[in-house]
Amino acid sequence: MFATLAHHLGGAPARPDARPTDVPARTPDGETATMHRWVLQAHMWTELLGEAGFTRITTDVLPATTGGPRAADTLLVRAHHPS
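Be aware that the sequence shown starts at 28, since it is given in the numbering used here, and climbs by one per residue.
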C-alpha cells in the first residue's frame, strides 16, 4: 500500500503515461532544485504494478481536506505480491 498525489498541486491532472514530472523544490539548505515526482493516473499505477507481478490491485481517491492553491486529492494504491 502507498499513497501519492491524485493530481498535481494546483489542480493539473496526473500523467497518463509512465514519466515523472519535474517539480520545483528546495534543498534543506534552501537552494533551488528539481524533484522528479511520479504523479500518475490510477490506471497507469495499475498497469505498472500488474507488469511487476502484483495482483489484487485497487485504487481509491481520498479528497483533499482543505482548499487552497496547494490542496490535492490523495490516490491510495493497494496491491499484493504473491511472493
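Yeah, the Cβ is synthetic: ideal placement off N, Cα and C, and Gly gets one too.
Please check the pair residue 31 and residue 102, which I expect to be a contact at CB under 8 Å, by giving their CB distance rounded to whole angstroms. 5 Å
Looking at C-alpha atoms only, which residue of 72, 33, 53, 46 is the closest neighbour of residue 83? 72
Name the residue from 81, 79, 97 whose alpha carbon lies nearest to the alpha carbon of residue 39. 97
Length at least 4, wholly inside the region 55-97: the alpha helix (DSSP H) runs in chain order: 69-78
So the beta strand (DSSP E) residue 106 belongs to, where does it begin and stop? 101-107
Beta-carbon contacts of residue 28 that lie in its chain and below 6 Å, excluding the five residues immediately before and after: 105
Residue from 50, 70, 68 with nearest C-alpha to residue 61: 50
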